[in-house]
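Going by our numbering, the letters in the sequence shown line up with residues 243 to 501, in that order. We put the beta carbon where it would ideally sit given N, CA and C, even for glycine. Keep in mind that this is a model prediction, so the values were computed, not measured.
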Amino acid sequence: MTNLGPLGATHTALDTAVAAELEELGYDTLWLAGGQGNALPRIAEVVRGTSRIRVASGILSVDRVPSAAVSEAYAQLPAGRFVVGLGGAHGPRPLATLGDYLDEIEDVVPPSARILSALGPRMLELSRDRASGAYPYLVTTDYVASAREILGADRQLAVLLSVVAETDVARVREIVRGGSLGFLAGMPGYAANFRRMGFTGADIADRSDRLVDGLTVWGDFDGIVARLREYRAAGADQVVVPLDGLPREWWAGLAEAVR
């Protein structure tokens with residue numbers, strides 16, 4: 243089973259130079275946005291431009307990226323370097339659609355090299371049964387503990403977090419409401435998961451303080467590290483940090499602190 247390590251990172255401008263820097267600093271996994279397949283050449287470039295760090299697709303949409311393209315990209319890269327993150331089955335039968343896709347890549351991409359974007363319990367079960375684990379986003383520490391129970395001890399749980407380097411809570415809430423939460427709260431899958439975590443319909447519709455605060459890691463460096471450690475203690479094998487909005491001088495410190 244692929245061991246993702248304790249710390250992952252995303253960065254919208256991630257190229258081979260940034261990837262090599264993060265590898266040298268001690269990051270374990272780099273997560274590249276999936277898009278419509280254009281991530282595959284970037285993943286190959288980053289893998290070949292580094293020596294050991296794992297590079298994961300976060301997330302390739304099975305509705306848009308042909309399974310044959312994923313299999314071909316995986317086969318051409320060194321074993322253990324490309325973690326195939328899959329999701330994006332938004333039709334009427336998402337579990338069946340994703341299951342069929344996994345069947346199509348089965349002979350090339352082993353379950354140990356797959357991770358699924360998962361929120362609800364049935365998708366977490368599929369992640370447990372047919373992949374190395376799950377990659378949820380915008381979740382609480384309580385959710386992490388419940389997801390760990392479903393996945394079991396021998397599956398990976400990598401949690402993508404919303405992180406804001408800001409100590410003014412009013413400013414934090416403004417930033418978060420204007421970011422991905424602003425539109426993801428309107429998507430049925432995320433809204434359903436927020437309700438499963440105990441948030442109300444009013445919380446979701448209004449992007450309430452309670453919702454924002456429950457889903458966001460914020461503060462100064464020490465405060466953010468403390469929150470990342472809480473997610474790890476709750477059962478996350480890896481916390482994945484978007485680095486774009488964080489001071490660059492924090493990068494090395496995070497790699498040292500989140501162990």
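Relative to the C-alpha of residue i, which residue among the options is closest?
i: Gly300; options: Glu498, Ala275, Glu408, Ser313; result: Ala275
i: Ser388; options: Ile417, Leu249, Asp451, Gly440; result: Gly440
i: Leu340; options: Leu368, Glu314, Ser313, Asp349; result: Leu368
i: Ala315; options: Pro283, Arg370, Asp396; result: Pro283
i: Ala476; options: Ala395, Arg390, Gly424; result: Arg390
i: Leu402; options: Glu408, Ala376, Gly424, Val411; result: Ala376
i: Val454; options: Gln398, Phe463, Ala259, Phe436; result: Phe436
i: Pro334; options: Arg474, Val406, Gly431; result: Gly431
i: Asp448; options: Ala355, Glu416, Glu491; result: Glu416
i: Val414; options: Arg501, Val483, Gly461; result: Gly461
Determine the DSSP secondary structure at residue i, reduced to helix, strand or coil.
i: Gly329; result: strand
i: Phe425; result: helix
i: Tyr379; result: strand
i: Thr409; result: coil
i: Pro353; result: helix
i: Ala360; result: coil
i: Ser374; result: coil
i: Leu272; result: strand
i: Leu344; result: helix
i: Thr458; result: strand
i: Leu267; result: helix
i: Leu256; result: coil
i: Val500; result: coil
i: Leu320; result: It is worth fixing the name first, because residue 320 is Pro in this sequence and not Leu. Coil at Pro320, not helix or strand.
i: Val414; result: helix
i: Ser388; result: helix
i: Gly250; result: strand
i: Pro484; result: strand
i: Leu399; result: strand
i: Ser450; result: coil
i: Ser309; result: helix
i: Ser369; result: helix
i: Val304; result: coil
i: Arg419; result: helix
i: Arg296; result: strand
Quick check: what's the CA-CA separation for residue i versus residue j?
i: Leu426; j: Ala360; result: 14 Å
i: Arg306; j: Asn245; result: 28 Å
i: Thr292; j: Arg323; result: 10 Å
i: Ala281; j: Leu302; result: 8 Å
i: Asp384; j: Asp257; result: 34 Å
i: Tyr459; j: Tyr379; result: Before going further, note that residue 459 is Val rather than Tyr in the sequence given. Roughly 12 Å separates the two Cα atoms.
i: Leu457; j: Asp349; result: 38 Å
i: Leu366; j: Glu408; result: 32 Å
i: Asp270; j: Val304; result: 25 Å
i: Arg505; j: Phe463; result: Nothing about residue 505 can be read from this structure; the chain reaches only from 243 to 501.
i: Gln480; j: Ala499; result: 13 Å
i: Glu287; j: Ala321; result: 15 Å
i: Val406; j: Met429; result: 22 Å
Verify whether the separation of the beta carbon atoms of residue i and residue j is less than 9 Å.
i: Glu265; j: Trp493; result: no
i: Ile357; j: Ala400; result: yes
i: Gly381; j: Val351; result: According to the sequence provided, residue 381 is Val. The question's Gly does not apply to it. No, the Cβ-Cβ distance between Val381 and Val351 is not below 9 Å.
i: Ser404; j: Ser422; result: yes
i: Leu249; j: Leu488; result: no
i: Ser313; j: Glu346; result: yes
i: Ile285; j: Leu319; result: yes
i: Leu272; j: Val297; result: yes
i: Ala362; j: Arg438; result: Residue 362 is actually Gly in this sequence, not Ala. Taking 9 Å as the Cβ cut-off, Gly362 and Arg438 qualify as a contacting pair.
i: Leu393; j: Arg370; result: yes
i: Leu386; j: Ala468; result: Checking the sequence, you will find Val at residue 386 rather than Leu. It is not a contact, given that the beta carbons lie outside the stated cut-off.
i: Ile295; j: Ala255; result: no
Using a Cβ-Cβ cutoff of less than 6 Å, which residues in the same chain neighbour residue i once the five nearest sequence positions on both sides are dropped?
i: Leu485; result: Ala251, His253
i: Val418; result: Val454, Thr458
Between which residues of its own chain and residue i is the CB-CB distance below 8 Å, once the five residues before and five after are set aside?
i: Glu472; result: Thr383
i: Leu267; result: Trp493, Ala494, Ala497
i: Ala444; result: Ser450
Flag residue i as yes if its beta-carbon sits less than 9 Å from any beta-carbon of chain C, otherwise no.
i: Thr271; result: The question asks about chain C, but that chain is absent: this structure has only one protein chain.
Enumerate in chain order the residues of its own chain whose CB-to-CB distance from residue i is below 7 Å, with the five nearest sequence positions on each side excluded.
i: Ala433; result: Ala427, Ile446
i: Pro353; result: Arg372, Ala373, Ser374
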